[in-house]
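These protein sequence lines are chains Y and V, in that order.
Residue numbering for the first sequence follows this note's numbering, starting at 51 and increasing by one per position.
Residue numbering for the second sequence follows this note's numbering, starting at 51 and increasing by one per position.
This report refers to the structure that appears directly beneath it.
Protein chains: 2
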Amino acid sequence: MAQTLDVIIIGAGSAGLAALREVRKHSENFLLINDGHYGTTCARVGCMPSKALIEAANAYHRRHAFEAFGIRGGGGLSIDPAAVLRRVRALRDDFVAGTLKATDELGERNLAARAKLLAPDTVAAGGREYRARRIIIASGSRPIVPDAWRAFGDRILTSDTLFEQAVLPRRMAVVGLGAIGVEIAQALSRLGVEVTAFGSNPQLAGLSDEAVHQTLAELLQREFSLHTGAAAELSPAADGIELRSGDVRVVVDQVIAAMGRRPNVDGIGLETLGVELDSRGMPPVNPNTLQVGDLPVFLAGDANGRAALLHEAADEGHIAGINASAAEPRCFRRRTPLAIVFADPNVAVVGRRFAELDGETIVVGQVSFARQGRARTAQRNKGLMRLYADRASGRLLGGEMCAPAAEHMVHLLALAIERELTVQDLLRLPFYHPVIEEGMRSALRELSAQLPAGQDSDLASCGGYQAEALD
Amino acid sequence: MAQTLDVIIIGAGSAGLAALREVRKHSENFLLINDGHYGTTCARVGCMPSKALIEAANAYHRRHAFEAFGIRGGGGLSIDPAAVLRRVRALRDDFVAGTLKATDELGERNLAARAKLLAPDTVAAGGREYRARRIIIASGSRPIVPDAWRAFGDRILTSDTLFEQAVLPRRMAVVGLGAIGVEIAQALSRLGVEVTAFGSNPQLAGLSDEAVHQTLAELLQREFSLHTGAAAELSPAADGIELRSGDVRVVVDQVIAAMGRRPNVDGIGLETLGVELDSRGMPPVNPNTLQVGDLPVFLAGDANGRAALLHEAADEGHIAGINASAAEPRCFRRRTPLAIVFADPNVAVVGRRFAELDGETIVVGQVSFARQGRARTAQRNKGLMRLYADRASGRLLGGEMCAPAAEHMVHLLALAIERELTVQDLLRLPFYHPVIEEGMRSALRELSAQLPAGQDSDLASCGGYQAEALD
Chain Y
51 MAQTLDVIII GAGSAGLAAL REVRKHSENF LLINDGHYGT TCARVGCMPS KALIEAANAY
111 HRRHAFEAFG IRGGGGLSID PAAVLRRVRA LRDDFVAGTL KATDELGERN LAARAKLLAP
171 DTVAAGGREY RARRIIIASG SRPIVPDAWR AFGDRILTSD TLFEQAVLPR RMAVVGLGAI
231 GVEIAQALSR LGVEVTAFGS NPQLAGLSDE AVHQTLAELL QREFSLHTGA AAELSPAADG
291 IELRSGDVRV VVDQVIAAMG RRPNVDGIGL ETLGVELDSR GMPPVNPNTL QVGDLPVFLA
351 GDANGRAALL HEAADEGHIA GINASAAEPR CFRRRTPLAI VFADPNVAVV GRRFAELDGE
411 TIVVGQVSFA RQGRARTAQR NKGLMRLYAD RASGRLLGGE MCAPAAEHMV HLLALAIERE
471 LTVQDLLRLP FYHPVIEEGM RSALRELSAQ LPAGQDSDLA SCGGYQAEAL D
Chain V
51 MAQTLDVIII GAGSAGLAAL REVRKHSENF LLINDGHYGT TCARVGCMPS KALIEAANAY
111 HRRHAFEAFG IRGGGGLSID PAAVLRRVRA LRDDFVAGTL KATDELGERN LAARAKLLAP
171 DTVAAGGREY RARRIIIASG SRPIVPDAWR AFGDRILTSD TLFEQAVLPR RMAVVGLGAI
231 GVEIAQALSR LGVEVTAFGS NPQLAGLSDE AVHQTLAELL QREFSLHTGA AAELSPAADG
291 IELRSGDVRV VVDQVIAAMG RRPNVDGIGL ETLGVELDSR GMPPVNPNTL QVGDLPVFLA
351 GDANGRAALL HEAADEGHIA GINASAAEPR CFRRRTPLAI VFADPNVAVV GRRFAELDGE
411 TIVVGQVSFA RQGRARTAQR NKGLMRLYAD RASGRLLGGE MCAPAAEHMV HLLALAIERE
471 LTVQDLLRLP FYHPVIEEGM RSALRELSAQ LPAGQDSDLA SCGGYQAEAL D
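Listed below in structure tokens is the structure:
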């Protein structure tokens, strides 16, 4: 066995590369071990190609608003799914190229192999054993596909394979209606595929607020066939795959499995770490340090099964990289929770979810975008936003929504929650006119009306404020 | 002369109606006097119809991205300007109807007449004199049109008349390239009009940062002919109106005057108030109370010539209404400055303008959206954002930009400026992936790198933060 390394990083995805950036600030005596594709899940098969697909689908879908706007000839538009997918892959290749730069220059310190832990300081890979003072496991995740479905071969797709298709079939089923399932089902439907979607969970897209969920379900049902609350079973049919779920029977050409992602830690040797594993086979991980128990081992990104979100994975790699380079692990405060589903209208959850809150201690303010001024001028007046505030303090706690421009508004709401601002603080914002954010202000005002601190103005009194000259 | 009224409000626009709401909380002994149209400038001829026009223009313009997306047949689209304008007016009528509700029910307390001040407590209108304990002047503004242009009759348009047109001519000139001029010039060009635009001010759309201005000018010049830095002169031509500006000569069918707005206070009798008027004929007004000198008179909204912005006018009416109903005027802190021009990409200025800042005491961070990931997937990757922070404290001070989704991002930036947050505070936000806001984060990181407080992480240390359970 060679010299002891400072750090071994297992996985060259978003978390692993974020860790690498930190490790390299302190040491060049590291080894990056990666099994399978380089280029990150996000850039290769996740966030980026899905957004490229969605943007094309939404641009095409917009033709339904054309007649009302005064634009003629929309009926003559058609979509070329092969061209759409070629563009998706071209963009994907460019985004992937960006991530490859980080590993291309590493030479022998980048090992393409499957890693297996032998002990908290030892890793086997490529037929050799490596020792290290610290180990960062950032081995990512993969889509869940039921074993029985494998018999259908390449007629079962996941986000790993969807974007590789040369064309799209006439009929597709999407099974699983979390973030990925909802995004893909809507996009494929807008690209002309006859989509039938199944979610075993009664709630869509990670929502927990029934009112918002209902709004989303109604909007999606106008676009494609949607079935929730029961699992879907597959069987071969003469002209495709038959899916059965409750009373529903449908035959499709391909099925997309969007039933969540599984951490790539099976077979990685977590049992050799000497810490107790939970029922899912996962070790204890401190989310503020990413340390596994009190071992010199860190488990970051999708691999720890916490949240398969790029910005969280990047933070976790960053924290793990800093802590793997330090004498003592530091404790980092995690960011305000934020999840966005890039459906149209956007779906988003920020801060505390409705289901986590005690109905007795909160007030709820809401706004429908059906009559919202700016949304009407843009023909995007669909959706519902619900915000939650603490009844006693007036602090904004969270929100769930299915609303135009939600992907933007939730960043503002996240800042407010992160800074522990009150509803009144937010009402002191300038809300320009006319903007979608004025809808959010309506929800804030509905909250304000239920809060005790009754004020006669959204504006602050001057206090020590210097009066400005008028001119 | 009848009984003394509590309050007279002159003007039933956005400021006057906001004042009315406050006044009515305390008294029903008021009189609203309005000259000309009811329905507010914003709803009738301003923010709302312009946005309806812009949204149609942008939806049509989007066809240029279709081939790249994989959408075929975009060449067969056409625009029906008459239908566009009919939709604008239909939406306008609906928005106007919303504002009319506030005055419809007032009966005799709503007087349609021109008001003239006779003294700080006396107004003449409709052949009568009215006395009041307080007077709120909220008489609005009107577009500036040079007298010499009136000879061209209805071939000279303003935002008051543009939306009334049944159709659009082949060739139009837009003179004045502030917010309204830039919005209208781009929209008309996108609707198929051959637009030539002239701005006597070298800067476009209220920008003061040359780098942002340059980006905007380049983008607009790809769409229509743009000339800045010299006034335009009009003369009759055989087949239209000739405009000359510097070396430029162009003949058009109609000219839109977008040279700013003038307060409707000429002839209203400000000289009877007994306070000194400035060179523009305007009395001293405290922007935090809206009081004129120490008189029982308030001057709110566009009428005071401060800023012709709906959200400011509404605030000013609100403040004037509260103060006209109180024993002593209260001092209100005004909101963080915010101006948005609904061009594509959006133009916006938030907080302190670049020109107001001392280059020695600030740092500048910027991002180009040309290579921004999400913007590329959406084919909206154009623009530049520049942010300014205080070098000593790291506080965000302001920003100027021409960027996709700027109308959304500036609300977040306004909140940060309002709360006196630092660049580091903002970097603690969750930035979801992939969003346009990640471009803003790049600008923030560029700021952060120039600030002294060098930290190795955007994340906060835990401090007293309770570690979360992983599951």
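For each residue, glycine too, the CB sits at the ideal point set by N, CA and C.
Where residue i falls, given that 16 or more other Cβ within 10 Å makes a residue buried
{"i": "residue 289/Y", "result": "exposed"}
{"i": "residue 442/V", "result": "exposed"}
{"i": "residue 252/Y", "result": "exposed"}
{"i": "residue 517/Y", "result": "Note that residue 517/Y scores 45 on pLDDT, short of 50, meaning its location in the model is unreliable and no value can be drawn from it."}
{"i": "residue 429/V", "result": "buried"}
{"i": "residue 158/Y", "result": "exposed"}
{"i": "residue 326/Y", "result": "exposed"}
{"i": "residue 508/V", "result": "buried"}
{"i": "residue 324/V", "result": "exposed"}
{"i": "residue 105/Y", "result": "buried"}
Nonlocal neighbours in the same chain, by C-beta distance under 7 Å from residue i, ignoring five residues either side
{"i": "residue 230/Y", "result": "209, 308"}
{"i": "residue 153/Y", "result": "62, 82, 88, 160"}
Sequence-distant residues of the same chain with beta carbon closer than 6 Å to residue i, five excluded per side
{"i": "residue 131/Y", "result": "217, 218, 241"}
{"i": "residue 342/Y", "result": "333, 335, 349"}
Backbone CA spacing between residue i and residue j [nearest angstrom]
{"i": "residue 215/Y", "j": "residue 129/Y", "result": "16 Å"}
{"i": "residue 256/Y", "j": "residue 383/Y", "result": "24 Å"}
{"i": "residue 265/V", "j": "residue 415/V", "result": "16 Å"}
{"i": "residue 212/V", "j": "residue 269/Y", "result": "36 Å"}
{"i": "residue 314/Y", "j": "residue 328/Y", "result": "16 Å"}
{"i": "residue 345/V", "j": "residue 331/V", "result": "17 Å"}
{"i": "residue 278/V", "j": "residue 250/V", "result": "6 Å"}
{"i": "residue 134/Y", "j": "residue 302/Y", "result": "21 Å"}
{"i": "residue 117/Y", "j": "residue 122/V", "result": "18 Å"}
{"i": "residue 506/V", "j": "residue 482/V", "result": "21 Å"}
{"i": "residue 453/Y", "j": "residue 142/Y", "result": "28 Å"}
{"i": "residue 280/V", "j": "residue 223/V", "result": "14 Å"}
{"i": "residue 95/V", "j": "residue 102/V", "result": "11 Å"}
{"i": "residue 267/Y", "j": "residue 395/Y", "result": "12 Å"}
{"i": "residue 499/V", "j": "residue 385/Y", "result": "21 Å"}
{"i": "residue 53/V", "j": "residue 164/V", "result": "21 Å"}
{"i": "residue 438/V", "j": "residue 466/V", "result": "12 Å"}
{"i": "residue 196/Y", "j": "residue 352/Y", "result": "20 Å"}
{"i": "residue 462/V", "j": "residue 491/V", "result": "12 Å"}
{"i": "residue 495/Y", "j": "residue 77/V", "result": "24 Å"}
Residues bridged to residue i (per DSSP)
{"i": "residue 341/Y", "result": "348/Y"}
{"i": "residue 452/V", "result": "397/V, 434/V"}
{"i": "residue 222/Y", "result": "245/Y, 304/Y"}
{"i": "residue 172/V", "result": "169/V, 181/V"}
{"i": "residue 160/Y", "result": "82/Y"}
{"i": "residue 382/Y", "result": "511/V"}
{"i": "residue 318/Y", "result": "Beta-bridge pairing links residue 318/Y to no other residue."}
{"i": "residue 193/Y", "result": "311/Y"}
{"i": "residue 408/V", "result": "Answer is none; residue 408/V lacks a bridge partner."}
{"i": "residue 254/V", "result": "The partner list for residue 254/V (beta bridge, DSSP) is empty, contrary to what the question assumes."}
{"i": "residue 57/V", "result": "80/V, 184/V"}
{"i": "residue 439/Y", "result": "413/Y, 446/Y"}
{"i": "residue 335/Y", "result": "342/Y"}
Own chain, CB closer than 8 Å to residue i, minus 5 neighbours either side, in chain order
{"i": "residue 484/V", "result": "423, 424, 427"}
Residue i: CB within 6 Å of a non-hydrogen atom of the ligand COA
{"i": "residue 351/V", "result": "Looking for the ligand COA in the displayed structure turns up nothing, as the structure carries no ligands at all."}
Inset, instruction - Spell out a yes or no on whether the segment 419 to 426 of chain V and the segment 471 to 478 of chain V are touching, meaning 3 or more CB-CB pairs, one atom from each, closer than 8 Å. - result: no
Legend entry - Contact between the segment 144 to 161 of chain Y and the segment 220 to 238 of chain Y (3+ Cβ pairs under 8 Å): Under the Cβ criterion (8 Å, minimum of three pairs), the segment 144 to 161 of chain Y does not count as touching the segment 220 to 238 of chain Y.
Inset, instruction - Kindly confirm or deny that the segment 356 to 375 of chain V and the segment 175 to 193 of chain V touch, where touching means at least three C-beta pairs closer than 8 Å. - result: They touch, by the three-pair rule.
Legend entry - Stretch-stretch touch, CB-based, cutoff 8 Å, three pairs: the segment 81 to 96 of chain Y with the segment 403 to 412 of chain V: no
Inset, instruction - State whether the segment 388 to 402 of chain V contacts the segment 454 to 471 of chain V, with contact taken as three or more CB pairs (one from each stretch) at a distance under 8 Å. - result: Taking 8 Å as the limit for Cβ pairs, the verdict is that the segment 454 to 471 of chain V does touch the segment 388 to 402 of chain V.
Inset, instruction - Could you tell me whether the segment 400 to 408 of chain V touches the segment 487 to 500 of chain V, using the rule of 3 or more Cβ pairs below 8 Å? - result: no
Legend entry - Stretch pair the segment 59 to 71 of chain V + the segment 361 to 375 of chain V: three plus CB contacts closer than 8 Å: yes
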